[in-house]
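*Asks:* Heads up: the first sequence begins at 69 in my numbering, then just goes up one per residue.
We treat Cβ as the ideally placed atom computed from N, Cα and C, and that holds for glycine.
In this text, all values refer to a predicted model and were calculated from it rather than measured experimentally.
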Amino acid sequence: MENPAQKDRQLPKKYNPGEVEDRIYRFWEEGGYFHAVPHGKSSKDPDPDKTPYTIVIPPPNITGELHMGHALDNTLQDILIRWRRMQGYEALWLPGTDHASIATEAKIVEALAKEGIKKEDLGRKGFLERAWAWKERYGSRIISQLKKLGSSCDWERERFTMDEGCSRAVREVFVRLYEKGLIYRGERIINWCTTCHTSISDAEVEFEETDSVFYHLRYPLADGSGYLELATTRPETMLGDTAVAVHPDDERYAAFVGRNVILPIVNKEIPVIADTYVEMDFGTGVVKITPAHDTNDFEVGLRHNLPAVTVIDDRGYMNELAGKYQGMSIMECRKAIVKELEEQGYLIKTEPIRHNVGLCYRCGTVVEPRISLQWFVKMKPLAAPAIEAVKKGETRFVPERFEKVYFHWLENIKDWCISRQLWWGHRIPAWYCSDCGETIVSRKDPDKCPKCGSAKLAQDEDVLDTWFSSALWPFSTLGWPDKTPELEYFYPTSTLVTGYDIIFFWVVRMMFSGLEQMGQVPFRTVFIHGLVRDALGRKMSKSLGNGIDPLEIIKEYGADALRFTLATGNSPGNDMRFTYEKVEAYRNFANKIWNAARFILLNIGDSEVELSLPDVLEIEDKWILSRLNSLAAEVTENLEKFELGIAVQKLYDFIWDNFCDWYIELSKPRLQGEKADSARRVLVYVMTGILKLLHPFMPFITEEIWQSLPHQGETLMKSDWPVYQESLNFPAEEREMERIMEAIRAIRNRRAEMNVPPSRKAPVFIETAFADTFRRGKIFFERLAWASSVEIGAGFDIDGAVSIVTADATIKIPMRELVDKDAERARLNREKENAKKQLDSVLARLNNPSFVEKAPAEVVRSAREEAERLREKLSLLEQSLAGLS
RNA sequence: GGACGUUUAGCUCAGCUGGGAGAGCAUCUGCUUGACGUGCAGAGGGUCAGCGGUUCAAGUCCGUUAACGUCCACCA
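(1) Which partner residues does Asp-166 have in the DSSP bridge list?
(2) Tell me the DSSP secondary structure of Glu-337 in three-state form.
(3) Can you find the residues in the same chain that come closer than 8 Å, C-beta to C-beta, to Cys-504, ignoring five residues on each side of it along the sequence?
(4) I need the boundaries of the beta strand (DSSP E) containing Pro-924, first residue and last residue.
(5) Any chance you could list the alpha helix (DSSP H) runs of at least 4 consecutive residues sitting entirely within the stretch 829-883, in chain order?
(6) Can you name, in chain order, every residue of its own chain whose Cβ lies under 6 Å from the Cβ of Ser-562, other than the five neighbours on each side?
(7) Less than 6 Å separating the Cβ of Ala-171 from some heavy atom of the ligand GTP?
(8) Can you tell me the Cβ-Cβ gap for Leu-532 and Val-238, rounded? I've got them flagged as a contact below 8 Å.
(9) Would you check if the stretch 754-763 and the stretch 661-668 touch, i.e. whether three or more CB-CB distances between them fall below 8 Å?
(10) Quickly, what does DSSP pair Ile-330 with across the bridge? List them, please.
(11) Report, in whole angstroms, the separation of the C-beta atoms of Pro-882 and Gly-861, which I expect to be a contact under 8 Å.
(12) Note down, one range per segment and in chain order, each beta strand (DSSP E) of at least 3 residues found wholly within the stretch 575-606.
(13) Can you name, in chain order, every residue of its own chain whose Cβ lies under 7 Å from the Cβ of Ser-267, other than the five neighbours on each side?
(14) For Phe-572, which residues from the same chain have a beta carbon less than 7 Å from its beta carbon, with the 5 sequence-adjacent residues on both sides left out?
(15) If you measure between the beta carbons of Thr-262 and Gly-207, is that distance less than 7 Å?
(16) Pick out the complete alpha helix (DSSP H) segments inside the stretch 196-280, 4 residues or longer, and give them in chain order.
(17) Under 7 Å between the Cβ atoms of Gly-641 and Gly-598?
(18) Counting only runs of 4+ residues fully inside the stretch 685-718, write out the alpha helix (DSSP H) ranges in chain order.
(19) By how many angstroms is the C-alpha of Tyr-625 removed from the C-alpha of Ala-814?
(20) Using only the alpha-carbon positions, how far apart do Cys-401 and Tyr-393 sit?
(21) Exposed or buried, what is Gln-412 when buried is set at 16 or more other beta-carbons lying within 10 Å of its beta-carbon?
(22) Rounding to the nearest angstrom, what Cα-Cα distance links Pro-682 and Val-832 in this structure?
(23) Could you give the residue range of the alpha helix (DSSP H) that holds Glu-98?
(24) For Thr-278, is the classification buried or exposed, using 16 other Cβ atoms within 10 angstroms of its Cβ as the cut-off for buried?
(25) Considering only residues of the stretch 460-501, which uninterrupted alpha helix (DSSP H) runs meet the minimum length of 4 residues and lie entirely inside it, listed in chain order?
(26) Could you check if Leu-144 is buried or exposed, using at least 16 other CB atoms within 10 Å of its CB as the buried criterion?
(27) Measure the C-alpha to C-alpha separation of Leu-134 and Ile-616 and round it to an integer number of angstroms.
(28) Taking the Cβ atom as the reference point for each residue, do Glu-559 and Leu-540 lie within a distance shorter than 7 Å?
(29) Ends of the beta strand (DSSP E) at Gly-137?
(30) Is the beta carbon of Val-312 closer than 7 Å to that of Val-329?
(31) Which of helix, strand or coil does DSSP assign to Gln-740?
(32) May I ask which residues mark the beginning and end of the alpha helix (DSSP H) holding Ser-544?
(33) By a C-beta neighbour count over all protein chains shown, 10 Å radius and 16 as the cutoff for buried, is Phe-350 buried or exposed?
(34) What does DSSP give as the partner residue(s) for Phe-444 in the beta ladder?
(35) Out of curiosity, what's the CA-to-CA distance linking Pro-116 and Arg-749?
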């Protein structure tokens, strides 16, 4: 590949992400660097032992635009995949999109409505044509948006939940489960959305606390001996009541059980039954039972063999069994019925009540429980292995606490309603024979009934829940049901990255599907993240209009700044707030690195720079190399623990503080002298190390800089991840540099307190027990502590000097005109008091026998050292005070 | 009703397996130091929600209370 960066080694003063990002992304894509292949199959494989690292993308819906949730999710995935790729894994990030059955269909219906067309006008075939056109248009849009983020997906392997392969997998799974008796069709009470006009699963119902009215009704006893009082929030369903229930232990009503009451208005006799489902102390302790329109009542109905009378139709209107109320909407009917009950004296009273109402998670319509003929997956047998696998640690959650949520859901799971009365989706592969009534479920479309031979077959009209196909994603995308090399090599996948909000929808379903079909968990680790909220902590939503468009942020601040923002300042599983201040801070950080690179390039000029380290290293070289070495270890360690935020923080601190504020400054005087060459080599070496460690987080700017610097190889994204090397560990030099840096900081501090401008340079006299160290660091004082000269010795007697005391040295700076002896004395005394207090506290610990006895030797030793340092400092302070008078 | 999370500097949040509190932003003071003012050098600011316990040692572990938040359940 052509090196895409500027050739002239001159970078502009400000980093301009807009100019860089698209170019770099194209370079990667054209280079084929995102592509991953199975290893170990062929003898010609140059790298047969390469270990796979696999992530399958949570496929974004083709309805959607990239939002902050996607940006977070995909940033985390890209960080992991880029890091593992650099570590030498065969890293596959498999991308794709989801057909999102119900959501997409709703969008298309909405678009059609604007043209004044109903989907029925188009017919199934015509509608599906529109849907595929939609998919072509919006499916590619979201993909291009993912690219803007820098996602290093293997686009050659892009999949779609309704493409041929995935559809084949869906059909195969359906047939297998059916043949095993794990998929069945039956009349059950299900959640019905009267707007989407389809069934939805339990997971798709959202509950919301709602203010409502509790109507107390009077149901007269059939024998005229009195009445029972009961309460309901849904009086219109009384038209479908087939019993009244009380608790079997409720003495108040024991005498009524087995007798009949007359259903008001309908004037029908219905029995009084006893069932433990009734709560004695809620309401009046009497419940009307409407098996056709309430989930619990349905269960009661089954236990007591009650008939179910459906009075509401699939559009939310009263049907013919509702008598004169037929044709009214639920709310209209409620009003009318309450009026009539009141007129006839059946309404005792009303009271306000706050209770939960189930809403459709797509459109927010109140969900109607409804009896209907649907397809279900029998969950108990599938849930058990999924629970077991996590208990055995075959899959683990990060953070671990989400395992509890996972277990709770699976342990209480009910059968999964998978049929949807929609057109966009995988059509259920079931046919019904209109002659003998046989149901045929098969891998191939049947042309005649296997039982009676009739050709009058009709395919089930429904499609599958969109999550049915998503559940197969980790293996359907790798070629299953065929035994492809990809499937063998990349499955089970390594890490699944997703938000806690779709654990139920997706994670559990992938788990049991993977275990059932593949016999192995679909992924080793589930890395859960939280939600991105707005600056006020509110969920970003369309209706609130508080959403922040990631693409706008990328345009203004750059993808790297956005990624850094999302990767930092938050711990796994927790929500985070998005603020412009944060992105701005990381935009500044990117610019900081950019300018560090500029500095290096400026100093390289035309000279050739060796990529290896020089043979002779200075103290500051060893210090920064040693720090970089530990940084590599720390970043790696935290990535392994999925503590991306901590890894980011360490990188940030090292780059800004150690490298830019110290090492680069320290290198400046050297770059003017004989040791310039070795300085350049160390600068390039450290910068390269930084770029590597930072690359997973900020891929664009790091690649751009890397290409500009002297380098080896084609692309940073394929370079080796830095590993800790014992040969680069220099603890002694680190300590020495610390002494020097402490002294420099102390001088700066004093000068700032006295408001001495940098332009006012002054000689510095250092008295220290570490003369060698300070001699090596002499030049740094001139540069970083504005010293006009540096002398290291003992017993300097300077009249009117400022004394600065560290644990290792006393520094004297003659600034007679600025020194007020009394103030100086007071300050030194303050410092003395301070040091004394600290010393006392350390001594208190050391004088405690149980501390010395029980604390680890390491801790005791460092306490002793601390005490020693403080004693030293105290004595130096004493001397300075004595010298003052 | 059950489970979980959060509570640390003015604001937003880190602080991993207990060893003596950090960052960014904001505030204040200096700075035309030849990479960067999207910058440099400094400063101020915290009884780590309350209470109790374990420990030589607690922001960190245990218990408890409170406030806020989330999920599950669904008492009609």
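*Replies:* So, from the data block:
(1) DSSP lists Asn-129 as partners of Asp-166.
(2) DSSP places Glu-337 in strand when its eight states are reduced to three.
(3) Hits under 8 Å: Cys-517, Lys-519, Cys-520, Ser-522.
(4) Where Pro-924 is concerned, there is no enclosing beta strand (DSSP E), given that its DSSP letter is neither H nor E.
(5) Those alpha helix (DSSP H) runs which fall completely within the stretch 829-883 and span 4+ residues are 839-844, 846-852.
(6) Tyr-121, Thr-122, Arg-592.
(7) As presented, the structure is devoid of all ligands, the ligand GTP included, so that no description of it is given.
(8) Taking 8 Å as the upper bound for CB-CB distance, Leu-532 and Val-238 are in contact here, some 7 Å apart.
(9) The way I'd put it, the stretch 661-668 does touch the stretch 754-763; three or more beta-carbon pairs between them come closer than 8 Å.
(10) Its beta-bridge partners are Glu-337.
(11) Under the criterion of beta carbons closer than 8 Å, Pro-882 and Gly-861 do not qualify as touching, at roughly 14 Å.
(12) Listed in chain order, the complete beta strand (DSSP E) runs (minimum 3 residues) inside the stretch 575-606 are 591-597.
(13) The beta carbon of Ser-267 sits closer than 7 Å to those of Ile-258, Asn-259, Trp-260, Ser-440, Gln-442, Cys-485, Ser-487, Arg-488, Gln-489, all from its chain and outside the five residues before and after it, given in chain order.
(14) Taking C-beta separations shorter than 7 Å and ignoring five residues to either side along the sequence, the partners of Phe-572 in its chain run Ala-271, Trp-477, following chain order.
(15) For Thr-262 and Gly-207, no; Cβs fall outside 7 Å.
(16) Counting only runs of at least 4 residues, the stretch 196-280 fully encloses the following alpha helix (DSSP H) elements, listed from N- to C-terminal order: 232-247.
(17) The Cβ atoms of Gly-641 and Gly-598 lie closer than 7 Å to each other.
(18) The DSSP assignment places complete alpha helix (DSSP H) segments of no fewer than 4 residues inside the stretch 685-718 at 687-708, in order along the chain.
(19) Cα to Cα, Ala-814 sits roughly 37 Å from Tyr-625.
(20) Their Cα atoms are separated by approximately 6 Å.
(21) Gln-412 sits exposed, since fewer than 16 C-beta atoms from the chains shown fall within 10 Å of its C-beta.
(22) Straight across, the Cα-Cα distance linking Pro-682 with Val-832 is about 32 Å.
(23) Looking at the DSSP string, the run of the alpha helix (DSSP H) that includes Glu-98 is 85-99.
(24) By the 10 Å Cβ count, Thr-278 comes out exposed.
(25) DSSP runs (the alpha helix (DSSP H)) wholly in the stretch 460-501: 470-479.
(26) For Leu-144, the number of other beta carbons within 10 angstroms of its own is at least 16, and it is reported as buried.
(27) Going by C-alpha positions, Leu-134 is about 10 Å away from Ile-616.
(28) Sequence inspection shows Tyr at residue 559; the Glu mentioned does not correspond to that position. No, the pair does not count as a contact, with Cβ atoms beyond the cut-off.
(29) Looking at the DSSP string, Gly-137 is not in any beta strand (DSSP E); the run it does join, the alpha helix (DSSP H), is 136-154.
(30) It is a contact, given that the beta carbons lie within the stated cut-off.
(31) Reduced to three states, the DSSP call for Gln-740 is coil.
(32) Run containing Ser-544: 541-544, per the alpha helix (DSSP H) assignment.
(33) Around the CB of Phe-350, fewer than 16 other CB atoms lie within 10 Å, so the residue is classed as exposed.
(34) DSSP output for Phe-444 lists Tyr-252, Cys-485 as bridge partner(s).
(35) The alpha-carbon atoms of Pro-116 and Arg-749 are separated by roughly 36 Å.
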